[in-house]
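In the numbering used here, the protein residues as written are 15 to 160. The beta-carbon is built from N, C-alpha and C at its ideal position, and this holds for glycine as well. Here the structure is a predicted model, which means the values were calculated and not measured. Worksheet for the structure shown next.
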Ligand code: RB5
């Protein structure tokens, strides 16, 4: 399993904790930056991770900015991406089971590192249930051509 991870300046510290945790789980981490506290534009990193996922360089992606919102909005512009902003484990689990999310996003200014790791675990331990949910995901995907 390979996970691409990206963040803006607000997410550098939390990215480190999440990356360490992923490696402890035996997951290969593809770090797509940023790695300094210098102010950067979150859409750049959201799109980098999104493209790594749709191009097949990574199985899944994780994005971190101050809120998780801006960086996920940017990722969701890439066709095939379903980025879910989650601030607790329940939504993270359901975003996999029902929405087949392929990117998890959260905000370093919203949650602490302990919650972030719980969210990551809930997301990774869940899998897409298919069935009626597949139809709904297909409807989302089809609307990319609207
Ligand atoms: C950066 O200051 C902040 O706007 C960004 O991290 C994020 O919260 C945007 O959605």
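N-terminal and C-terminal residue of the alpha helix (DSSP H) that residue i is part of
i: residue 75; result: Taken as a continuous stretch (DSSP letters only), residue 75 belongs to no alpha helix (DSSP H), being part of the beta strand (DSSP E) at 74-79.
i: residue 37; result: 26-38
i: residue 156; result: 146-156
i: residue 60; result: 56-68
Extent of the continuous beta strand (DSSP E) run through residue i
i: residue 43; result: 42-45
i: residue 94; result: No beta strand (DSSP E) holds residue 94; DSSP gives it neither H nor E.
6 Å CB neighbourhood of residue i in its chain, flanking five on each side removed
i: residue 112; result: 147
i: residue 115; result: 96, 98 and 109
i: residue 57; result: 88
i: residue 41; result: 15 and 17
i: residue 64; result: 89, 92 and 95
i: residue 151; result: 114
Per-residue burial, residue i [other beta carbons within 10 Å of its own, 16 or more giving buried]
i: residue 153; result: exposed
i: residue 120; result: buried
i: residue 48; result: buried
i: residue 123; result: exposed
Close Cβ partners of residue i (< 8 Å) along its chain, the five nearest in sequence each way excluded
i: residue 50; result: 23 and 26
Residue(s) in a DSSP beta bridge with residue i
i: residue 121; result: 79
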